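Participant:
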Amino acid sequence: MRVLVTGGAGFIGSEIVRTLTSAGHEAVVLDALLPSAHGEGADRRADSRLIVADVRDREAVDRALRGIDAVCHQAAMVGLGKDFADAPQYVGCNDLGTAVLLAAAAAAGVRSLVLAGSMVVYGEGRYDCRLHGPVRPGPRAQSDLAAGRFEPLCPSCGTELTPGLVGEDAPVDPRNVYATTKLAQEHLASSWARATGGRALSLRYHNVYGPGMPRDTPYAGVASFFRSALARGEAPQVFEDGAQRRDFVHVRDVASANALALEAVAGLRPGGFAAYNTGSGEPHTIGEMAAALASAHGGPAPVVTGEYRLGDVRHVTADSRRLRDELGWKPAVGFAEGMAQFAAAPQRDMATS
Ligand SMILES: NC(=O)c1ccc[n+]([C@@H]2O[C@H](COP(=O)([O-])OP(=O)(O)OC[C@H]3O[C@@H](n4cnc5c(N)ncnc54)[C@H](O)[C@@H]3O)[C@@H](O)[C@H]2O)c1
Ligand SMILES: [Zn+2]
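Under the numbering used here, the first residue of the sequence shown carries the number 189, and numbering increases by one thereafter.
1) Spatial neighbours of Ala-423 within its chain, please: C-beta separation below 7 Å, excluding the five flanking residues on both sides.
2) Compare the beta carbon distance of Val-501 and Gly-311 with 9 Å and say whether it is the shorter of the two.
3) Mind listing, in chain order, the continuous alpha helix (DSSP H) runs of no fewer than 4 residues lying wholly within the segment 361-435?
4) Buried or exposed: Leu-222, going by 16 or more other Cβ atoms within 10 Å of its Cβ?
5) Inspect the beta-carbon positions of Ala-293 and Val-259 and report whether they are closer than 9 Å.
6) So, does the segment 510-520 touch the segment 438-446, judging by three or more C-beta pairs under 8 Å?
7) Which first and last residues belong to the alpha helix (DSSP H) in which Leu-451 is found?
8) Return the chain-ordered list of same chain residues with a C-beta closer than 8 Å to the C-beta of Glu-514, the five sequence neighbours on each side being excluded.
9) Hey, is Tyr-393 close to ligand 1, as in C-beta under 8 Å from one of its heavy atoms?
10) What is the C-beta distance between Ala-215 and Gly-198, in whole angstroms, given that I count them as a contact (C-beta under 8 Å)?
11) Looking at Leu-341: is its Cβ nearer than 9 Å to the Cβ of Thr-505?
12) Please tell me whether, using a cut-off of 8 Å, the distance from the CB of Thr-207 to the nearest non-hydrogen atom of ligand 1 is below it.
13) Go through its chain and collect everything with a Cβ distance to Ala-449's Cβ below 7 Å, but skip five positions before and after it.
14) Would Asp-219 pass as a contact of Ile-239 if the rule is Cβ separation under 9 Å?
15) Kindly list the residues whose CB is nearer than 8 Å to the CB of Asp-429, restricted to its own chain and excluding five residues on each side of it in sequence; keep chain order.
16) Do Asp-257 and Val-298 have their CB atoms nearer than 9 Å?
17) Using 8 Å as the Cβ pair cut-off and three pairs as the minimum, do the segment 365-374 and the segment 314-329 touch?
18) Determine, using beta carbons only, whether Met-401 and Met-477 come nearer to each other than 9 Å.
19) State the Cα-Cα distance for the pair Leu-284 and Ser-483, rounded to the nearest angstrom.
20) Considering only their Cβ atoms, is the gap separating Arg-457 from Arg-387 smaller than 9 Å?
21) In this structure, what does DSSP give as the bridge partners for Asp-316?
22) For Ala-358, tell me which candidate among Ser-210, Val-309 and Ser-300 has the shortest Cα-Cα distance.
23) For the beta strand (DSSP E) holding Glu-228, just list the boundary residues, first then last.
24) Would you kindly report the start and end of the unbroken beta strand (DSSP E) that includes Gly-305?
25) Roughly how many whole angstroms lie between the Cα atoms of Ala-211 and Leu-349?
26) Identify the residues that DSSP records as bridge partners of Leu-192: which are they?
27) Determine the extent of the alpha helix (DSSP H) in which Phe-272 is found, giving its start and end residues.
28) Rounded to a whole number of angstroms, what is the C-alpha to C-alpha distance between His-329 and Leu-498?
29) Tell me, to the nearest whole angstrom, how far the beta carbon of Thr-286 is from that of Ala-447; I am working on the premise that it is less than 8 Å.
30) With the cut-off set at 9 Å, would you say His-394 and Met-307 are in Cβ contact?
31) Under 9 Å, do Pro-351 and His-503 count as touching if we go by C-beta distance?
32) Could you tell me the alpha carbon to alpha carbon distance between Ala-524 and Gly-196, rounded to whole angstroms?
In structure tokens:
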């Protein structure tokens, strides 16, 4: 299979390219080498298989799509960004970019798409109240966060909730600009499939970590912040009280999920769209993750700061059974082993930072 991997120079995309190539597929990479992901002045001639172009550049995308069987769309601006001033860039890269890519795919007769989705579409995970069953707490109030009341409470009775695993049919509830753009990508993919008879599959990744993660920038994930702090000899700064639950999934397992999805997408009905949670199925707290990294690195131990970010959710952990059952995916890297390796592995260099 000849696959166009957008964002294929990034953290996850480059692992997908390695996985596809070693399975005998051909990968064509289109990546704009965004400064927010690669630093200023990243080497544009580094790799001859790399087309350095923006997914919003229709001519470049048209050229990249020649002879392509399927698109694996990883290109996106990631993370929470600095502040709301980043919103036009997020929407531009992620949504206008997806629209241009899909219009070009429609014109080129490419009908298979695998999309890098995200668990951020679910907002505040899934909770159960002892009295009210499954409930959906709204965004946490700044006054609660400032007072150290981090756990969302039942909207009906105000008691503490038990966090559970979120399934694909959970209602969506994007809580920030990035999340909104990731959800819009799915809606665009689904519209494209319906309009063209194409097939689209979104893998809703949970917290991906592993070698090659970019160093800390406002656009990177929390594992990368902790890893960068440890590399500087500083203690990882754990926000809230460290009890936030996440599902940390290794980048190699995410790459294998993409390889399976690229095979499976052809089996969807024409016009079909499907979403699959992509998580390890083994939830951990942010505090546990910081402690595992710090201990593998040989210290210093994490510090819980009580700081918070508006737009962060308290708990979100995946039920990834559908991906295991329907696509036969099996994550291979466990938490302890993966974190120990990650603590020792190099992070991606940013050209100027
Ligand atoms: N890292 C995670 O934990 C995580 C979780 C959920 C979803 N995702 C999704 O996975 C995908 C890959 O993320 P990543 O963590 O590898 O980030 P990354 O920043 O390392 O990779 C993204 C790549 O896309 C490129 N890119 C961005 N906008 C582009 C554009 N307009 N045109 C061309 N190239 C562009 C960047 O230069 C970069 O190389 C993204 O779609 C992201 O939303 C990541
Ligand atoms: Zn209740």
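Glycine included, each C-beta is placed from N, C-alpha and C at the ideal position. Note that this is a predicted model, so its numbers are computed, not measured.
Facilitator: By the coordinates alone:
1) Ala-417, Pro-488, Ala-489, Pro-490 and Val-491.
2) Here Val-501 is near Gly-311, since their CB atoms are less than 9 Å apart.
3) Runs of the alpha helix (DSSP H) inside the segment 361-435: 365-384 and 410-419.
4) Classified as buried, Leu-222 has 16 or more neighbouring CB atoms from the shown chains inside 10 Å of its CB.
5) Yes, Cβ-Cβ distance for Ala-293 and Val-259 is below 9 Å.
6) The segment 510-520 vs the segment 438-446: in contact.
7) The amino acid occupying residue 451 in the given sequence is Glu; Leu does not appear at that position. 439-452 is the extent of the alpha helix (DSSP H) around Glu-451.
8) When the five nearest sequence neighbours on each side are left out, the beta carbons in the same chain lying within less than 8 Å of the beta carbon of Glu-514 are those of Ala-452 and Tyr-464, in order along the chain.
9) If you check the C-beta of Tyr-393 against ligand 1, you find a heavy atom less than 8 Å away.
10) Contact flag wrong, Cβ pair sits at about 13 Å.
11) Against a cut-off of 9 Å, the Cβ pair of Thr-505 and Leu-341 comes out as no contact.
12) Between ligand 1 and Thr-207, a heavy atom-to-CB distance of less than 8 Å is absent.
13) So the list reads Val-302, Leu-389, Leu-391 and Leu-515, once near-sequence residues are dropped.
14) Inclusion of Asp-219 and Ile-239 in the CB contact set at 9 Å is warranted, their separation being smaller than that value.
15) Its chain contains Gly-336, Phe-338, Gly-475, Val-492 and Gly-494 as the residues whose beta carbon lies nearer than 8 Å to that of Asp-429, once the 5 sequence neighbours on both sides are disregarded; these appear in chain order.
16) Result yes, Cβ atoms of Asp-257 and Val-298 sit closer than 9 Å.
17) With fewer than three CB-CB distances shorter than 8 Å, the segment 365-374 does not count as touching the segment 314-329.
18) Contact check for Met-401 against Met-477 fails: the beta carbons are separated by 9 Å or more.
19) The straight-line gap from Cα to Cα measures roughly 43 Å.
20) Cβ distance < 9 Å, so Arg-387 and Arg-457 count as in contact.
21) DSSP links Asp-316 through a beta bridge to Pro-322 and Thr-350.
22) The shortest Cα separation from Ala-358 among Ser-210, Val-309 and Ser-300 belongs to Val-309.
23) Membership of Glu-228 in any beta strand (DSSP E) is not indicated, and neither H nor E is assigned to it by DSSP.
24) According to the DSSP assignment, Gly-305 belongs to the beta strand (DSSP E) that extends over 300-306.
25) Roughly 45 Å separates the two Cα atoms.
26) Bridge partners of Leu-192: Val-216 and Val-259.
27) Boundaries cannot be given for Phe-272, as no alpha helix (DSSP H) includes it and DSSP labels it neither H nor E.
28) Note that residue 329 corresponds to Ala in the displayed sequence, not to His. C-alpha separation (whole angstroms): 9 Å.
29) Contact flag wrong, Cβ pair sits at about 21 Å.
30) Contact: yes.
31) The answer is yes: Cβ separation under 9 Å.
32) Rounded to whole angstroms, the gap between the alpha carbons of Ala-524 and Gly-196 is 27 Å.
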